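Peer 1:
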Amino acid sequence: MRGVIVINFGGQYAHLITRRIRDIGVYAEIVPYTKASKEFVEGMRPSALILSGGPSSVYEPGAPSIGEWVLDLDIPVLGICYGFQLLAKMMGGEVERSKGEYGPTRIRVLERRGLFEGWDDEELVWMSHSDHVTSPPTDTVVTAISENEYVAAFRHLTKPIFGVQFHPEVRHTPKGRLLLENFSIKLARSERSWSPERMLSIIEDYLRKELRDCKSILSAVSGGIDSTVATVLVSRFARDRVTAVFVNHGLLRKGEPEEVLDLLRGLGIDPVYVDASQEFLEALKGVEGCEDKRRVIGELFIKVFSHALKGREFDCLVQGTLYPDVIESGGEVGADRIKSHHNVAGLPGWLNAKVVEPLKYLYKDEVRKLARHLGLPERLVERHPFPGPGLAVRIIGEVTEEKLRIAREASAIVEDVLRERGYYSEAWQAFAVVGDDKWVGVKGDARVDGYIVTVRVVESEDAMTADWLRLPPDVLEEISKRITSELPKVTMVTYAVTTKPPSTIEPC
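Residue numbering for the sequence shown follows our numbering, starting at 1188 and increasing by one per position.
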């Protein structure tokens, strides 16, 4: 199956480009620039090539680059942000530091055909760059200019080479999807063959190969869609070799352990259940840093697994790792690290097991499509994503029993209100955060030194970018009143109104 290759120069949006192309129905995958030799790329027989953004400057010594062979391919090439500047430099143009452009920016479209077919003369796009092309290559024509009179796009006069300074892959560029569709379908003539059926076929091929030598398989299940779908897929090939383990680390949502067990058993998965709540809380005493908490939880998880299996050896470990998990852990060369992920960090060296990740090339929405294709319950498909370290990453500072209780109860209130008022399905995630900051309040005519709870409700398509959900004031008021009235130790409720980026969805 021919598809689009995205050459990753370390941009945090590289996976989002791939996600958008797949959403069009065209298969796309990422190749780090360090592996992108001419032979390697041509061997993959792509229908088109996209050069991603990145945190570097093209004129810096040792900046990520690619061979000039990319200029002579017989397939369309599109450079985005850093990739746009790199193409300009390689073709003889000039790139310099500037005051930069960040966020929503107006551009004038000078050529409304090809890449910009269907665009208006003036459009809104999302910029995020500090360098700009001061002199475009001589063999190119400028096709768009920004409101600051910077070159926003160009195309080569005779070759299928295109470049845009903005980010068409983010939803803050309203017609970005159309641009990517013009590129991948009309210019590259790619096939619309990416579907749940095709996803399943690729995963089955992967599992046939990976499970061949797995005699004893351990699957960590949490009841979330990722681990559940991963376990269901592996069980299709090796049910008699799979041991599913559900560890209650005491950091789950309200009522979640019972709900998870009921869900898994309904799918024919009878997991080994381990209630290690006190063990995890004890291990987290005095641990305040985000990365330290993730590491402690990750290492203890494996130890608890081993103890639960009473010394039984396993040679393969199933995880529900997704594409965004990898990029957020800085897994690609040249990427700025954001945070480690529980599925790709914290595994101790003594764990001598091959990791099997059937979903590692999929995005959350694709996993949901696959789950529906497999006939899994809708209540599983629609559940909000929940981090592996649980409420520990929604508690700022040390995890104490009091803060844990507040985070759990307040989050349950947030979800209850959203369900009752019809906003749960609109939200990608909805939860409460608590830290060590206090706010003086008055309850029952008495002065109270209480906690501040921050409510976070976001809308997103893939978690790579997210926006805060504009809930009506009366809904926010109901959430606030319930939290402060039902939780005596809470005196203030705030609402997080920062997008991702610059923030992440989870606070820790």
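Using N, Cα and C, we set each Cβ at its ideal position, and we do this for glycine too.
For clarity, every value in this text was computed on a predicted model and none was experimentally measured.
If you check the beta carbons only, do V1619 and S1647 fall under 7 Å apart?
Peer 2: This sequence places Ala at residue 1619; Val is not what is there. Result no, Cβ atoms of A1619 and S1647 do not sit closer than 7 Å.
Peer 1: Under the DSSP definition of a beta bridge, which residues are partnered with A1235?
Peer 2: DSSP, once it has assigned bridges, lists V1191 as partnering A1235.
Peer 1: Roughly how many angstroms separate the alpha carbons of L1697 and A1331, rounded to a whole number?
Peer 2: With the chain running from 1188 to 1695 in the structure shown, residue 1697 is simply not present.
Peer 1: Hey, which unbroken runs of the beta strand (DSSP E) at 3 residues or more fall wholly within the segment 1249-1327?
Peer 2: List check, beta strand (DSSP E) in window: 1264-1267, 1281-1296, 1309-1322.
Peer 1: For the beta strand (DSSP E) that contains Y1460, what are its first and last residues?
Peer 2: 1459-1462 is the extent of the beta strand (DSSP E) around Y1460.
Peer 1: Apply the 10 Å Cβ neighbour rule to D1512 and answer buried if 16 or more other Cβ atoms are within range, or exposed otherwise.
Peer 2: So D1512 counts as buried.
Peer 1: When you compare each of G1442, S1409, G1476 to L1451 by their alpha carbons, which one comes out closest?
Peer 2: Per the Cα distances, S1409.
Peer 1: What does a CB cutoff of less than 7 Å around D1502 pick up in its chain, not counting 5 residues either side in sequence?
Peer 2: Cβ within range, chain order: C1401, K1402, S1403, A1540, K1541.
Peer 1: Rounded to a whole number of angstroms, what is the C-alpha to C-alpha distance between W1537 and H1494?
Peer 2: At W1537, the pLDDT of 49 sits below 50, so the modelled position is not reliable and the matter cannot be decided from this model.
Peer 1: Since V1421 and S1406 should fall inside the 8 Å C-beta cutoff, what is the C-beta to C-beta distance between them, to a whole number of angstroms?
Peer 2: Contact flag correct, Cβ pair sits at about 6 Å.
Peer 1: Taking the C-alpha atoms as reference points, what is the distance between P1291 and L1273?
Peer 2: Roughly 23 Å between the two C-alpha positions.
Peer 1: Once the 5 residues before and after P1248 are set aside, which same chain residues still bring their CB inside 7 Å of it?
Peer 2: Once the five neighbours on either side are set aside, P1248 has no close Cβ partner at all.
Peer 1: Taking only the alpha-carbon atoms, compute the straight-line gap between G1190 and S1371 and give it to the nearest angstrom.
Peer 2: Answer to the nearest angstrom: the Cα atoms are 9 Å apart.
Peer 1: Consult DSSP for L1563 and reduce its assignment to one of helix, strand or coil.
Peer 2: Looking at L1563 - three-state DSSP - the assignment turns out to be coil, as it is neither helix nor strand.
Peer 1: Pick from E1309, S1234, V1505: whose alpha carbon is nearest that of V1213?
Peer 2: The candidate whose alpha carbon is nearest that of V1213 is S1234.
Peer 1: Using DSSP with H/G/I as helix, E/B as strand and the rest coil, what is I1332?
Peer 2: Note: I1332 maps to strand in three-state DSSP.
Peer 1: With G1280 and P1323 assumed to form a contact (beta carbons below 8 Å), what rounded beta-carbon distance in angstroms separates them?
Peer 2: With a Cβ gap of about 5 Å, G1280 and P1323 count as contacting.
Peer 1: Tell me, to the nearest whole angstrom, how far the beta carbon of L1509 is from that of L1546; I am working on the premise that it is less than 8 Å.
Peer 2: Contact flag correct, Cβ pair sits at about 6 Å.
Peer 1: Among H1354, E1288, T1418, which one has its Cα closest to the Cα of V1554?
Peer 2: Nearest C-alpha to V1554: T1418.
Peer 1: Grouping DSSP H, G and I as helix and E and B as strand, with all else coil, what is S1380?
Peer 2: Coil, per DSSP.
Peer 1: Give the single residue among Y1246, L1578, E1229, V1604 whose Cα lies nearest to the Cα of R1595.
Peer 2: With distances taken between Cα atoms, R1595 lies closest to L1578.
Peer 1: Please go through the same chain and pick out, in chain order, the residues whose beta-carbon is closer than 7 Å to the beta-carbon of A1658, but skip the five residues on each side of it.
Peer 2: Ala is not the amino acid found at residue 1658; the sequence shown has Leu there. If we look at L1658 and ignore the five residues flanking it on each side, its Cβ neighbours are Y1610, V1644.
Peer 1: Just to check my reading of the structure: T1678 and G1637 have Cβ atoms closer than 8 Å, yes? What is that Cβ distance to the nearest angstrom?
Peer 2: Indeed they touch by this definition, with Cβ atoms about 3 Å apart.
Peer 1: From the DSSP output, read off the bridge partner residues of I1217.
Peer 2: Paired residue(s): V1193.
Peer 1: Counting C-beta neighbours from all protein chains within 10 Å, is the total for A1633 16 or more, i.e. buried, or is it exposed?
Peer 2: Looking at its Cβ environment, which holds fewer than 16 other Cβ atoms inside 10 Å, A1633 is exposed.
Peer 1: In terms of residues, what are the limits of the beta strand (DSSP E) holding R1339?
Peer 2: Before going further, note that residue 1339 is Ala rather than Arg in the sequence given. Where A1339 is concerned, the enclosing beta strand (DSSP E) stretches over 1338-1343.
Peer 1: Which class does I1525 belong to by DSSP, given the choice of helix, strand or coil?
Peer 2: Note that I1525 scores a pLDDT of 39, beneath 50, so its modelled location is shaky and nothing firm can be said.
Peer 1: Only counting the same chain, and skipping five residues up and downstream in sequence, which positions put a Cβ closer than 6 Å to that of V1586?
Peer 2: Excluding residues within five positions, the ones whose Cβ falls inside 6 Å are L1471, A1579.
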